[in-house]
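The structure appears below as structure tokens.
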Amino acid sequence: RKEVEQDPGPFNVPEGATVAFNCTYSNSASQSFFWYRQDCRKEPKLLMSVYSSGNEDGRFTAQLNRASQYISLLIRDSKLSDSATYLCVVNHGSYIPTFGRGTSLIVHP
Amino acid sequence: DAGVTQSPTHLIKTRGQQVTLRCSPKSGHDTVSWYQQALGQGPQFIFQYYEEEERQRGNFPDRFSGHQFPNYSSELNVNALLLGDSALYLCASSSGQGLEQYFGPGTRLTVT
Numbered sequence: 003r004k005e006v007e008q009d010p011g012p013f014n015v016p017e018g019a020t021v022a023f024n025c026t027y028s029n030s031a032s033q034s035f036f037w038y039r040q041d042c043r044k045e046p047k048l049l050m051s052v053y054s055s056g057n058e059d060g061r062f063t064a065q066l067n068r069a070s071q072y073i074s075l076l077i078r079d080s081k082l083s084d085s086a087t088y089l090c091v092v093n094h095g096s097y098i099p100t101f102g103r104g105t106s107l108i109v110h111p
Numbered sequence: 552d553a554g555v556t557q558s559p560t561h562l563i564k565t566r567g568q569q570v571t572l573r574c575s576p577k578s579g580h581d582t583v584s585w586y587q588q589a590l591g592q593g594p595q596f597i598f599q600y601y602e603e604e605e606r607q608r609g610n611f612p613d614r615f616s617g618h619q620f621p622n623y624s625s626e627l628n629v630n631a632l633l634l635g636d637s638a639l640y641l642c643a644s645s646s647g648q649g650l651e652q653y654f655g656p657g658t659r660l661t662v663t
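Chain order of the listed sequences is W and S.
Numbering-wise (the numbering used here), the first sequence opens with residue 3 and increments by one.
Numbering-wise (the numbering used here), the second sequence opens with residue 552 and increments by one.
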């Protein structure tokens, strides 16, 4: 089993839709979690950290489920500009962050 | 406020050659990490430098080496290039033990 797994997609949704991605991790000792966004042929950009209590930033909500070992990202009212690859990152106490392969989102008119 | 910068943006090398990639961290950051990203995959951690020393290393062979300078900038060196080393090489900076990283635009390396 891979350390961090994501459904590569693509998730194809219309503008205005709500879409959610999950990311599972195998190491129960994992301590910190992040979501990054990566546009085609660009660098990853930090989208948000994922806290135990969950956190929200505008249309984006991130949650952590330690019992089932996954994190989620919910995007409400999808915009065309949300089209990108969403990468989850898991750290398990070392300085070695493990990236998932990313989930591709395509928002169409 | 300058972000993370990397040079060169693109590079074409031949098998067996050596390459050096450069990175300047975001202002105020003292930690630099290097990643290799193959097409369709997430970034794979190569190593991290802090206080001019390699703090952590991922699962990469000794052909991959690095250095951090007193001004926190960093270099990634790859010897004896293989075709499989073709990838986007990303540099990310952070502050101390901060885990929130900021990435540079990357260097796209092609090995022929």
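Ideal Cβ positions, reconstructed from N, Cα and C, are used throughout, including at glycine.
Here the structure is a predicted model, which is why all the values come from computation and not from measurement.
The beta strand (DSSP E) enclosing residue i, as first and last residue numbers
{"i": "Pro-16 of chain W", "result": "13-16"}
{"i": "Glu-603 of chain S", "result": "Per DSSP, Glu-603 of chain S belongs to no beta strand (DSSP E) and is neither H nor E."}
{"i": "Ile-108 of chain W", "result": "105-110"}
{"i": "Pro-46 of chain W", "result": "46-52"}
{"i": "Gln-568 of chain S", "result": "Gln-568 of chain S -> no beta strand (DSSP E), and no H or E assigned at all."}
{"i": "Ser-584 of chain S", "result": "582-588"}
{"i": "Leu-75 of chain W", "result": "72-77"}
{"i": "Leu-66 of chain W", "result": "62-67"}
Distance, residue j Cα to residue i Cα
{"i": "Arg-78 of chain W", "j": "Tyr-88 of chain W", "result": "15 Å"}
{"i": "Leu-641 of chain S", "j": "Gly-18 of chain W", "result": "33 Å"}
{"i": "Gly-579 of chain S", "j": "Ser-646 of chain S", "result": "7 Å"}
{"i": "Tyr-653 of chain S", "j": "Ser-83 of chain W", "result": "21 Å"}
{"i": "Ser-74 of chain W", "j": "Gln-65 of chain W", "result": "5 Å"}
{"i": "Pro-559 of chain S", "j": "Thr-26 of chain W", "result": "35 Å"}
{"i": "Ile-597 of chain S", "j": "Ser-625 of chain S", "result": "13 Å"}
{"i": "Trp-37 of chain W", "j": "Leu-632 of chain S", "result": "32 Å"}
{"i": "Ser-28 of chain W", "j": "Ala-553 of chain S", "result": "37 Å"}
{"i": "Asp-9 of chain W", "j": "Gly-104 of chain W", "result": "7 Å"}
{"i": "Ser-584 of chain S", "j": "Thr-663 of chain S", "result": "26 Å"}
{"i": "Leu-562 of chain S", "j": "Thr-661 of chain S", "result": "6 Å"}
{"i": "Leu-107 of chain W", "j": "Pro-99 of chain W", "result": "23 Å"}
{"i": "Gly-617 of chain S", "j": "Gly-102 of chain W", "result": "24 Å"}
Cross-chain neighbours of residue i in chain S, by beta carbon under 7 Å
{"i": "Ile-98 of chain W", "result": "Phe-596, Gln-607, Gly-609"}
{"i": "Gly-104 of chain W", "result": "Gly-593"}
{"i": "Phe-101 of chain W", "result": "Gly-593, Pro-594"}
{"i": "Leu-89 of chain W", "result": "Gly-593"}
Interface partners of residue i on chain W, CB under 9 Å
{"i": "Gly-655 of chain S", "result": "Glu-45"}
{"i": "Leu-641 of chain S", "result": "Glu-45, Pro-46"}
Neighbouring residues, chain W, relative to residue i (Cβ below 7 Å)
{"i": "Gln-599 of chain S", "result": "Tyr-97"}
Chain S residues whose Cβ lies nearer than 8 Å to that of residue i
{"i": "Asn-93 of chain W", "result": "Leu-650"}
{"i": "Ser-34 of chain W", "result": "Leu-650"}
According to DSSP, residues forming a beta bridge with residue i
{"i": "Leu-562 of chain S", "result": "S:Leu-660"}
{"i": "Gly-617 of chain S", "result": "S:Leu-627"}
{"i": "Ser-34 of chain W", "result": "W:Asn-93"}
Cβ-heavy atom distance, residue i to the ligand MN, below 7 Å
{"i": "Phe-13 of chain W", "result": "By its list of ligands, the structure shown contains no ligand whatsoever, and the ligand MN lies outside what it can speak to."}
**OP:** Evaluate the contact criterion for the stretch 16-34 of chain W versus the stretch 563-572 of chain S: three or more CB pairs, one atom per stretch, below 8 Å.
**Re:** The stretch 16-34 of chain W vs the stretch 563-572 of chain S: no contact.
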